[in-house]
Amino acid sequence: MAGLLARVESEIEKLARTTPLAALRAARRLVIAVQTAYWPALDVSRNATGEQTAAALGLNEDAAQDLLARFARLRRYH
1 MAGLLARVES EIEKLARTTP LAALRAARRL VIAVQTAYWP ALDVSRNATG EQTAAALGLN
61 EDAAQDLLAR FARLRRYH
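Okay, so the sequence shown: first residue is 1 according to the working numbering, each after it adds one.
1. Could you tell me the alpha carbon to alpha carbon distance between I32 and A41, rounded to whole angstroms?
2. Compare the Cα-Cα distances from L74 to each of V44, L57, G58 and A56 and report the closest residue.
3. Alpha carbon to alpha carbon, how far is E51 from E61? Give it in angstroms, no decimals.
4. Apart from the five residues just before and just after I12, which ones in its own chain have a Cβ nearer than 7 Å to its Cβ?
5. Run through DSSP, which three-state label would L74 get?
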């Protein structure tokens, strides 16, 4: 999945150089994809430890908690 997303990012950047409106349209679809992460992120924030979340996401605990907060639209206090 990570490789696919990296390719999508690259393709949108190429598209932006030639057809900015098409790039914007493609990016809009990614925003919709991010919005679908709300419920899973909320569930994870309630049911998994910071250590479990970090390990599953391949991040340190602070970065994992920041990501969850962003996707679940929660406030993150450091």
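Note that CB positions come from ideal geometry on N, CA and C, so glycine has one too.
For this structure:
1. 15 Å
2. V44
3. 6 Å
4. A23, A26 and A27
5. coil
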